[in-house]
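Just below is one structure, and these are the notes that go with it.
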Amino acid sequence: DAKTTQPTSMDCAEGRAANLPCNHSTISGNEYVYWYRQIHSQGPQYIIHGLKNNETNEMASLIITEDRKSSTLILPHATLRDTAVYYCIVRASPTAVTGNQFYFGTGTSLTVIP
Amino acid sequence: DVKVTQSSRYLVKRTGEKVFLECVQDMDHENMFWYRQDPGLGLRLIYFSYDVKMKEKGDIPEGYSVSREKKERFSLILESASTNQTSMYLCASRETAVSGNTIYFGEGSWLTVV
Chain A
1 DAKTTQPTSM
11 DCAEGRAANL
21 PCNHSTISGN
31 EYVYWYRQIH
41 SQGPQYIIHG
51 LKNNETNEMA
61 SLIITEDRKS
71 STLILPHATL
81 RDTAVYYCIV
91 RASPTAVTGN
101 QFYFGTGTSL
111 TVIP
Chain B
1 DVKVTQSSRY
11 LVKRTGEKVF
21 LECVQDMDHE
31 NMFWYRQDPG
41 LGLRLIYFSY
51 DVKMKEKGDI
61 PEGYSVSREK
71 KERFSLILES
81 ASTNQTSMYL
91 CASRETAVSG
101 NTIYFGEGSW
111 LTVV
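Chains A and B supply the protein sequences, listed in that same order. So that you can map any letter, position 90 of the first sequence is 90 in the working numbering, and since no number is skipped, the others follow by simple counting. So that you can map any letter, position 114 of the second sequence is 114 in the working numbering, and since no number is skipped, the others follow by simple counting.
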């Protein structure tokens, strides 16, 4: 799976958009970009994923560059409850009998400031 | 919404005790996983199951066993708990190992072995 690089920490003012970048310059054609977040003492929460096109759901938007070497997770109106560690993961389509291989890395610690 | 439920959020066990961690998912997912998460080490896969009665070792299976008698339930067993098994344990599930499928996590079980 492609390695990802994320900033260690970021701050965002409450009510503003939070833009979390992720570099994945070695991504290959069949690898998806996934975003999860983990609030302290809880399990990781799925946010969004995509392959080539930009994606949007009720939680966030995912912008993937045309060359797919980087992506940005956008939380349009950050709230205090969005304070968490955000993980960007890229992984290939697994075979039928392989398990996980979601390597979470260290992620970006986002702090939403009142 | 997918729901992955871990039976115990916080447990304290003595060294040498047998420990059962239970996990249930309500989305008829084929694949289920057990991870542990430790500071600085990220998520590490212990075991996974791609179907009922099927199991495969992950990256750190030593000291653990698993049971999957029913599709919705995946149990992690510590035969003889040791202090180095103090950790947060995360259960997860996925529909199948199809490209783009997402892994969903439970809330986590904090185990302290004294």
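Note that beta-carbon positions come from the ideal geometry of N, C-alpha and C, so glycine has one too. Quick caveat, the model's predicted, so the values are computed rather than measured.
Within chain B, the residues 2, 102, 103, 104 and 105 have their CB atoms less than 9 Å from the CB of residue 46/A, given in chain order. Residues of the stretch 8-28 of chain A whose Cβ lies closer than 9 Å to any Cβ of chain B: none. If you draw a 10 Å sphere on the C-beta of residue 3/B, you find fewer than 16 other C-beta atoms in it, and that means exposed. Annotated as proximal: residue 73/A and residue 62/A, with beta-carbon spacing under 7 Å. Burial is judged here by how many other beta carbons sit within 10 angstroms of a residue's own beta carbon; residue 91/A has at least 16 and is buried.
Of the residues 31/A, 35/A and 69/A, the one whose Cα lies closest to the Cα of residue 84/A is 35/A. For residue 90/B, the chain A residues whose Cβ falls inside 8 Å of its Cβ are 43 and 44, in order along the chain.
By the rule that beta-carbons nearer than 7 Å mark a contact, residue 43/B touches chain A.
Between residue 37/B and residue 111/B the beta-carbon gap is near 11 Å, outside 8 Å, which marks them as no contact. Closest by C-alpha distance to residue 60/A, out of 53/A, 19/A and 8/A, is 19/A.
Within 8 Å of the CB of residue 16/B, no CB atom of chain A is found; the nearest one sits about 27 Å away.
Counting along the chain, the unbroken beta strand (DSSP E) around residue 93/B starts and ends at 87-94. Shortest Cα-Cα distance from residue 30/B to any of 108/B, 96/B and 88/B involves 96/B. Residue 108/B has a beta carbon lying within less than 7 Å of a beta carbon in chain A. Remark: C-beta atoms of residue 58/B and residue 43/B do not approach each other more closely than 7 Å. A Cβ-Cβ distance of about 17 Å is found for the pair residue 77/B and residue 92/B, leaving them out of contact under the 8 Å criterion. Under a 10 Å Cβ-count criterion, residue 110/A is classified as buried, with 16 or more other Cβ atoms of the shown protein chains found around its own Cβ. When C-beta atoms of the stretch 7-15 of chain B are compared with those of the stretch 10-28 of chain A, fewer than three pairs fall below 8 Å, so the two segments do not count as touching. In its chain, beyond the 5 residues on either side, 75 have a beta carbon closer than 6 Å to the beta carbon of residue 67/B.
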